[in-house]
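Colleague: By the numbering used here, the letter at position 4 of the sequence shown is numbered 4, and the numbering carries on one by one without gaps.
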Amino acid sequence: MPERWIAVDWGTSNLRAWAMGPAGVVAQAESDKGMGKLAPDQFEAALLDLVAPWLESRSLVLACGMVGARQGWVEAQYRAVPCTPTDPAGLTRVPTQDARLDVRIAPGLSQDRPADVMRGEETQLAGALALHPGFDGVFCLPGTHAKWAQVSAGEVVSFQTFMTGELFALLSTQSVLRHSMGGAGWDDAAFDEGLSEALSRPDRIAARLFSLRAEALLHGLGAPQARARLSGLLIGIELAGAKPYWLGQKVKLIGAEGLAASYARALGSQGLQADRLDATACTLAGLSALHAKLKVSP
C-alpha cells in the first residue's frame, strides 16, 4: 500500500479530509458537503473539490461515516457484533470516474437483538483501542445518536443507541419548548437539577419536559436555565436506560469537548470518573490502523 494516502470522515452534514504521510497528517481540508446534501452521482466531485491537490497517479482514500449509508455514495454493508471495530476485509470499493482515486469505505456495525446499527463510530472505537491498547470496558460516544459500546479483548461485544441529541434538537427548536430556549448561555445548576430529576423518576420525563414551558410562563425561567435543564433531563433518562453499560464499569468518552464534558459531569454525579478522548484523534487513529492492516493484507 502507498505510504501517502487520504483519510476521510464523511458525515451527514460535513466532509473532512486529511492527506496522510508516514509521519501522520500532512494537510487537511473540510467542506459542508455532507451526505445529506448530495445525490449518489455528486460524491466524487465533492471529494475532488477537497483532495485534488493531493492526488498522485493512484491515491488510496479510506473513508468512514455516512458516506457508506444506503443514502450515501455506495452502501457499505454492516458487520455483525461481536467483532473487531474494523476489518480491511470488510472495506467496500467505490467505482470512480477519476482513475487517480482508489476509494474504499469502512462498513458500520450491526446488532440483531436489540436491533441497532452504527456507522462512523466503529472507526472511532478502533482508534480509541489503537490509542489505548488492551482496554476492556465501555465507550460512550455522545452526539446526535449517542452510542454505548461494550468492548472486550479488542472486540465490540454489544452496543446501544440513544437519540438524545436529536431529541434535544427537536424539542428545543420544533416543540412548544422552543419559546423558552432562545439566545445563548448555560447554567450548570439547572443541568444538575434536570439530571437528578430524570435519574430519580425517568417515568415522569414527559411531565418534566412540559414543566419547562410552564416555569418560563409563570416563574420567569430563563433560556439558559431552560436549555441546561432540558439537556440534563434528556441525558438523565439516557443514563437511566444505559445503566447496565456504565454501572461498575471503566468508561471512556469520545466526542466533542462541550458535550463530552456534560456527560462526564453527569457520570461524575453517579460517582464514576470517565476519561475523555478527542473524537478527531480517534477517527484518524482508527483510519490509520486500518491503513496499517491493509499494508499487511492488501
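Just so it is clear, CB atoms sit at the ideal spot from N, CA and C, and this is done for glycine as well.
Since the structure is predicted, the reported quantities are computational estimates derived from the model, not experimental observations.
On the criterion of 16 or more Cβ atoms from any shown chain inside 10 Å, does residue 273 qualify as buried, or is it exposed?
Modeller: As a working note, residue 273 is residue 273 in the sequence shown. So residue 273 ends up on the exposed side.
Colleague: Start and end of the beta strand (DSSP E) containing residue 382?
Modeller: Because the chain in this structure spans residues 1 to 298, residue 382 falls outside the shown range and cannot be described.
Colleague: What does a CB cutoff of less than 6 angstroms around residue 299 pick up in its chain, not counting 5 residues either side in sequence?
Modeller: Nothing about residue 299 can be reported from this structure: the residues present for the chain run from 1 to 298 only.
Colleague: Checking the sheet assignment: what are the DSSP bridge partners for residue 212?
Modeller: To locate residue 212, count along the sequence shown from 1; it is residue 212. Its beta-bridge partners do not exist; DSSP assigns none.
Colleague: Beta-carbon separation of residue 161 and residue 145 under 7 angstroms?
Modeller: Sequence index remark: in the sequence shown, residue 161 carries index 161 (1-based). Sequence index remark: in the sequence shown, residue 145 carries index 145 (1-based). A contact, by the Cβ cut-off of 7 angstroms.
Colleague: Which ranges does the beta strand (DSSP E) cover as unbroken runs of at least 3 residues, wholly within the segment 101 to 138, from first to last along the chain?
Modeller: Counting whole runs of 3 or more residues, the segment 101 to 138 contains the beta strand (DSSP E) stretches 101 to 105, 109 to 111, 116 to 118.
Colleague: Indicate the three-state DSSP secondary structure (helix, strand or coil) for residue 74 in the structure shown.
Modeller: The residue you call residue 74 lines up with position 74 of the sequence shown. The answer is coil: DSSP assigns residue 74 none of H, G, I, E or B.
Colleague: Assign residue 61 to buried or exposed, taking buried as 16 or more other Cβ atoms, counted over all protein chains shown, within 10 Å of its Cβ.
Modeller: As a position in the sequence shown, residue 61 is number 61, starting the count at 1. Its Cβ being crowded by 16 or more others within 10 Å, residue 61 is buried.
Colleague: Please specify which runs of the beta strand (DSSP E), each continuous and at least 3 residues long, are wholly inside the segment 202 to 255, giving them in chain order.
Modeller: DSSP runs (the beta strand (DSSP E)) wholly in the segment 202 to 255: 251 to 255.
Colleague: How far does the alpha helix (DSSP H) with residue 49 in it extend, from its first residue to its last?
Modeller: Within the sequence shown, the letter at position 49 stands for residue 49. Looking at the DSSP string, the run of the alpha helix (DSSP H) that includes residue 49 is 43 to 51.
Colleague: When the Cα atoms are used, what is the spatial distance from residue 10 to residue 149?
Modeller: As a working note, residue 10 is residue 10 in the sequence shown. As a working note, residue 149 is residue 149 in the sequence shown. If I take the Cα positions, the gap works out to 21 angstroms.
Colleague: Quick check on the DSSP output: the beta strand (DSSP E) that includes residue 270 runs from which residue to which?
Modeller: Working through the sequence shown from its first residue, we reach residue 270 at position 270. First-last for residue 270: undefined, no H or E at that position.
Colleague: Using 10 angstroms around the beta-carbon of residue 248, count the other beta-carbons present and answer buried if the total reaches 16, otherwise exposed.
Modeller: The residue you call residue 248 lines up with position 248 of the sequence shown. Counting Cβ neighbours within 10 Å, residue 248 comes out exposed, since fewer than 16 surround it.
Colleague: Distance check for residue 142 and residue 168, CA to CA, integer angstroms please.
Modeller: Numbered from 1 along the sequence shown, position 168 holds the residue referred to as residue 168. Numbered from 1 along the sequence shown, position 142 holds the residue referred to as residue 142. Spanning the two alpha carbons is a distance of roughly 12 angstroms.
Colleague: If I'm right that residue 192 touches residue 269 with Cβ under 8 angstroms, what's the distance once you round it to whole angstroms?
Modeller: Taking the first residue of the sequence shown as position 1, residue 192 is located at position 192. Taking the first residue of the sequence shown as position 1, residue 269 is located at position 269. Yes, they are in contact, since the Cβ atoms of residue 192 and residue 269 sit about 7 angstroms apart, within 8 angstroms.
Colleague: Any idea if residue 194 is buried or exposed, counting beta-carbon neighbours within 10 angstroms, 16 or more meaning buried?
Modeller: On the sequence shown, residue 194 is found 194 positions in, with the first residue counted as 1. By the neighbour-count rule (16 or more Cβ atoms within 10 Å), residue 194 is buried.
Colleague: Please confirm whether residue 81 and residue 156 have their CB atoms less than 7 angstroms apart.
Modeller: As a first step, residue 81 must be located in the sequence shown, where it is residue number 81. As a first step, residue 156 must be located in the sequence shown, where it is residue number 156. Yes, these two residues count as a Cβ contact at 7 angstroms.
Colleague: Output yes or no for whether 7 angstroms exceeds the beta carbon distance between residue 120 and residue 83.
Modeller: Your numbering for residue 120 matches position 120 in the sequence shown. Your numbering for residue 83 matches position 83 in the sequence shown. No. Outside cutoff.
Colleague: Is residue 24 helix, strand or coil by DSSP?
Modeller: As a first step, residue 24 must be located in the sequence shown, where it is residue number 24. In the structure shown, residue 24 sits in a strand (DSSP, three-state: E or B).
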